[in-house]
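Notes to accompany the following structure.
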Amino acid sequence: MDKKTLFKEFKETGRDIFLRGLISSHAGNMSVKIGDTIHITKKSSMLGRLRPGDIVEVDLERDNTNDPKASTELVVHRAIYKKTSGLAIVHTHPPYATLLSMVKNKIVPVDSEGLYLFQKASVVSPETTIGSEEAALLVSNALQNSKVVLIGGHGSFALGNTLEEAFMLTTSLEASAFLLYHLHGLGN
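Quick note: the sequence shown uses the numbering used here, first residue 8, plus one each step.
And the structure:
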């Protein structure tokens, strides 16, 4: 895939993530693995307004000079790619899913789409929720058996073969969480 096409995928997905209210202005991150290279959004980039310089290349196996520029979640992305066959990751802070992650140890959808796409989303609870080795270990282990996982009180990591697939899983998770939240509000 050429860099222009890759950037277009990042830009369109980032815009859609922001417009869906899945992140605040400078939150969230995405990556794509091509061979032994990870293309990942920079620290504090605005996913809703990505520019070509907001995507950096880092090595899968070892640190390089771009590591300090990459998202603070780089350690988590690396661990996921090393333990799974996924090729794209979307990390967001979906409001309803994050809210439920504070009171549940997994989200099991009650809607047909959620059941079809991801069946359940485990919730992991590292002591340090952002960019820690513990978060990397817990999230990457959980994604060996699932397509989407939540860090309690923080947000979700969705794994796909493309950014579009990972985004689809993220939006399905949030839609399922929205329904669950309101279903519980009805006393069910």
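Ideal placement from N, C-alpha and C gives every residue a C-beta, glycine not left out. Quick caveat, the model's predicted, so the values are computed rather than measured.
Thinking C-beta only, is N36 closer than 8 Å to H98?
-> A contact, by the Cβ cut-off of 8 Å.
Between the C-alpha atoms of R58 and E19, what's the straight-line distance to the nearest angstrom?
-> About 11 Å.
Is the segment 117-127 in contact with the segment 179-187, if contact means three or more CB pairs nearer than 8 Å?
-> A contact exists between the segment 117-127 and the segment 179-187.
Backbone secondary structure at D23 - three-state DSSP = Note: D23 maps to helix in three-state DSSP.
Backbone secondary structure at I47 - three-state DSSP | I47: strand per DSSP, three-state reduction.
As assigned by DSSP and simplified to three states, the class of D70 = Residue state for D70 is assigned as coil, using DSSP reduced to three classes.
For F17 and L166, believed in contact at Cβ under 8 Å, the rounded distance | That pair is no contact at about 16 Å.
Outcome for M109 when other beta-carbon atoms lying within 10 angstroms are tallied against a minimum of 16 = Exposure of M109 is indicated by the presence of fewer than 16 other C-beta atoms within 10 angstroms of its C-beta.
Please say whether I87 and S129 have beta carbons closer to each other than 8 Å?
-> Contact flag unset, no.
Boundaries (first-last residue) of the alpha helix (DSSP H) holding V146 = Run containing V146: E140 to A149, per the alpha helix (DSSP H) assignment.
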